[in-house]
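When we follow the numbering used here, the leftmost residue of the sequence shown carries the number 199, and every step to the right adds one.
By construction, the Cβ of each residue, glycine as well, lies at the ideal position given by its N, Cα and C atoms.
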Amino acid sequence: MKTRATTVAASLALGLCAACSVGPDFHRPASPADPGYGRGASAGTVVADGKAQRFVEGEGIAADWWRLLRCPALDAMVGRALTANPGIEEARATLRRNQDSLRAGYGVFFPQLDARAGASRQLYNPAPGAIPTSGNAFNLFSLSGTVSYTVDLWGGERRQVEAMRAAVDAQRYALAAARVMLASNVADTLIAQSAYRAEVEATRATIVVLGEQTRIAEAQANAGTAPYANVLSLQSQLASTEASVPPLEDRADQASHLLAALSGDTPSGWVQPDVPISDFRLPEDLPVTVPSLLVRQRPDVLVAEEQLHAANAAIGVATAAMLPNLTLSGSYGVNNTSPGDLLASNSPVWSLGAGLTQPVFHGGTLYWQRRAAIDARDAAAAQYRQTVLAAFEQVADTLRGLEHDAEAVASQTLAVESAERALHLLQADYKAGIATYLQLLVADAQYLQARIGWIEAVAQRLQDTVALYVALGGGWWNAPPAGRG
199 MKTRATTVAA
209 SLALGLCAAC
219 SVGPDFHRPA
229 SPADPGYGRG
239 ASAGTVVADG
249 KAQRFVEGEG
259 IAADWWRLLR
269 CPALDAMVGR
279 ALTANPGIEE
289 ARATLRRNQD
299 SLRAGYGVFF
309 PQLDARAGAS
319 RQLYNPAPGA
329 IPTSGNAFNL
339 FSLSGTVSYT
349 VDLWGGERRQ
359 VEAMRAAVDA
369 QRYALAAARV
379 MLASNVADTL
389 IAQSAYRAEV
399 EATRATIVVL
409 GEQTRIAEAQ
419 ANAGTAPYAN
429 VLSLQSQLAS
439 TEASVPPLED
449 RADQASHLLA
459 ALSGDTPSGW
469 VQPDVPISDF
479 RLPEDLPVTV
489 PSLLVRQRPD
499 VLVAEEQLHA
509 ANAAIGVATA
519 AMLPNLTLSG
529 SYGVNNTSPG
539 DLLASNSPVW
549 SLGAGLTQPV
559 FHGGTLYWQR
569 RAAIDARDAA
579 AAQYRQTVLA
589 AFEQVADTLR
599 GLEHDAEAVA
609 SQTLAVESAE
619 RALHLLQADY
629 KAGIATYLQL
639 LVADAQYLQA
649 RIGWIEAVAQ
659 RLQDTVALYV
669 ALGGGWWNAP
679 PAGRG
């Protein structure tokens with residue numbers, strides 16, 4: 199009875215030891231208590247080009263937010279990119295690798311069982327110093343199985359698996375971030391390409407007008423009714439305008455090549471439809487996540503949090519390495535000089551054992567490894583805070599940027615409308631004979647220049663709208679389970 203009570207007490211003690219885990223437990227960093235993203239934040243933008251954007255706090259973010267731009271070509275390109283982009287496939291493969299490594303890590307909680315079969319030829323010399331004879335040579339055949347189990351007394355193995363789980367979660371969030379950024383890059387690039395092409399078109403029209411102005415100025419100079427300096431001034435302006443076309447075309451080509459790469463294709467195999475800037479529709483209601491939720495939704499912040507989690511668990515791993523290590527082992531087998539005698543009564547051999555190892559002196563290695571783990575945790579905590587600050591900065595920048603974009607579009611729209619009205623009036627005056635053709639050409643050039651400025655402002659407003667969805671996390675958590683990777 200006493201022996202049984204001792205055994206039960208030992209088992210309970212062992213279970214209690216196995217239940218403890220050295221090292222600090224991980225606690226998620228507290229969410230920021232900031233009420234907003236900046237001082238003087240407004241509820242929306244001014245009306246520009248007939249539209250004002252409203253910032254709706256707490257509004258849900260769709261996982262396919264790019265569809266809110268209502269551009270079918272963009273929807274098709276993003277869908278293709280999410281399917282064929284090599285970077286997404288790499289992120290998926292890395293996630294699968296981390297998941298498989300985690301499954302492999304769970305093996306430390308189970309006994310390790312191995313089987314062994316052997317055959318050898320041996321020479322036995324019963325008398326030390328005597329000359330061995332062939333009669334003392336024999337064959338030895340053996341079959342055996344061994345089992346060993348390292349008791350996780352201090353939870354070091356559990357901390358290691360905890361770190362591996364954090365690595366899986368970090369990669370899952372990294373995959374979500376890659377999907378969000380890929381959709382953003384496709385949208386930004388397509389908007390930019392559409393703007394470049396629209397600018398090229400308007401610039402070429404300006405070149406035609408300037409060429410006609412130059413021809414008239416040359417005729418006037420030859421007739422002696424105008425100074426030749428006018429011709430030189432127009433020629434300079436014409437050449438400068440012509441020089442602006444190749445860079446715009448180069449940027450449009452680069453945007454096309456980038457879209458091909460994002461879609462998993464080569465530039466030569468990429469077939470892209472012509473998408474005018476007018477195909478994009480500006481969303482009027484924009485979501486604004488409350489700051490306390492932003493850190494629970496932005497994938498880059500969540501990646502940094504899981505990296506902090508893994509670094510925190512590594513402290514427990516390093517601490518457990520400094521403490522006693524208990525290993526239980528046992529083996530059972532048979533051996534004999536003939537395979538047919540392996541099942542004989544004199545063949546079995548077995549052993550049971552327990553080993554307790556306590557590190558005594560390692561030249562300070564174990565101590566400093568633990569200190570290094572603590573330093574790594576501190577660095578991960580600082581990186582997490584930096585990531586949160588950058589996230590808040592991006593949201594604040596984008597919200598204010600949208601306000602300023604609307605103001606710029608409003609000014610550029612007024613400039614286009616004024617230049618267009620001036621052009622119409624001069625056209626009427628020219629038909630009535632009270633305005634010269636040269637004045638008409640000047641008004642036409644001014645209108646085209648105003649339109650180029652308007653195109654740039656509209657594209658910037660669209661791109662900042664895309665940037666807001668990305669800064670708020672991209673809505674990946676609202677995707678169907680299969681879409682989360």
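Outcome for residue i when other beta-carbon atoms lying within 10 angstroms are tallied against a minimum of 16
i	result
Tyr565	exposed
Lys200	Interpretation of Lys200 is limited by its pLDDT of 46, a score under 50 that renders its predicted location unreliable; no figure is taken from the coordinates.
Asp218	In the sequence on display, residue 218 carries Cys and not Asp. The residue in question, Cys218, is exposed, as its Cβ has fewer than 16 Cβ neighbours within 10 Å.
Gly213	With a pLDDT of 46 at Gly213, under the threshold of 50, the modelled position of this residue cannot be trusted; read the value that follows with caution. Gly213 comes out exposed.
Phe590	buried
Trp264	buried
Thr611	buried
Thr204	Note that Thr204 scores a pLDDT of 42, beneath 50, so its modelled location is shaky; the value from the coordinates is reported in the next line. Burial call: exposed.
Asp472	exposed
Ala669	buried
Ile632	exposed
Ala374	buried
Asn544	exposed
Glu601	buried
Asp350	buried
Ala315	exposed
Asp662	buried
Gln320	exposed
Asp383	According to the sequence provided, residue 383 is Asn. The question's Asp does not apply to it. Burial call: buried.
Leu491	exposed
Ser461	buried
Val593	buried
Residue i - containing alpha helix (DSSP H), residue span
i	result
Trp548	That residue, Trp548, is in no alpha helix (DSSP H); its beta strand (DSSP E) goes 546 to 555.
Ser527	Here Ser527 belongs to no alpha helix (DSSP H); instead the beta strand (DSSP E) covers 523 to 534.
Ser434	426 to 441
Val668	635 to 669
Asp603	563 to 630
Beta-carbon proximity list for residue i, same chain, < 8 Å, skipping 5 on both sides
i	result
Val407	Leu639, Asp642, Ala643, Leu646
Thr535	Phe336, Asn337, Leu338, Phe339
Gln433	Thr412
Gln567	Ala516, Ala519
Cβ-Cβ distance between residue i and residue j below 7 Å
i	j	result
Arg659	Val607	yes
Ala657	Val244	no
Tyr582	Ala502	yes
Val429	Glu416	yes
Leu380	Ala519	no
Ala508	Arg575	no
Thr387	Ala453	yes
Ala365	Asn296	yes
Pro481	Leu266	yes
Leu540	Val532	yes
Gln369	Thr487	no
Leu500	Leu524	no
Leu506	Ala579	yes
Ala393	Ile286	no
Boundaries of the beta strand (DSSP E) in which residue i is found, first to last residue
i	result
Asp312	310 to 321
Leu484	483 to 486
Residues near residue i by beta carbon distance below 6 Å, same chain, minus five either side
i	result
Pro465	His455, Ala458
Ala211	Note that Ala211 scores a pLDDT of 41, beneath 50, so its modelled location is shaky and nothing firm can be said.
Gly354	Val515, Ala518
Ala655	Ala606, Val607, Gln610
Ala617	Gln644, Tyr645, Ala648
Trp352	Val220, Ala518, Leu521
Leu587	none
Val345	Pro309, Leu311, Gly528
Own chain, CB closer than 7 Å to residue i, minus 5 neighbours either side, in chain order
i	result
Gln556	Pro522
Ala665	Thr596
Met362	Ser299, Leu300, Gly303
Ser549	Gly528, Ser529
Gly242	Ala250, Gln251, Arg252, Phe253
Pro485	Val254, Glu257, Gly258, Ile259, Leu670
Whole alpha helix (DSSP H) runs in the region 490 to 516 with 4 or more residues, listed along the chain? Note on the region 490 to 516: there is no whole alpha helix (DSSP H) run with a minimum of 4 residues.
Within the region 229 to 305, note down every full alpha helix (DSSP H) run reaching 4 residues or more, in order along the chain. For the region 229 to 305, the continuous alpha helix (DSSP H) assignments of 4+ residues that do not extend past its boundaries occur at 270 to 282, 284 to 303, in sequence order.
Inside the region 337 to 423 only - alpha helix (DSSP H) runs reaching at least 4 residues: Within the region 337 to 423, the complete alpha helix (DSSP H) runs of at least 4 residues are 354 to 421.
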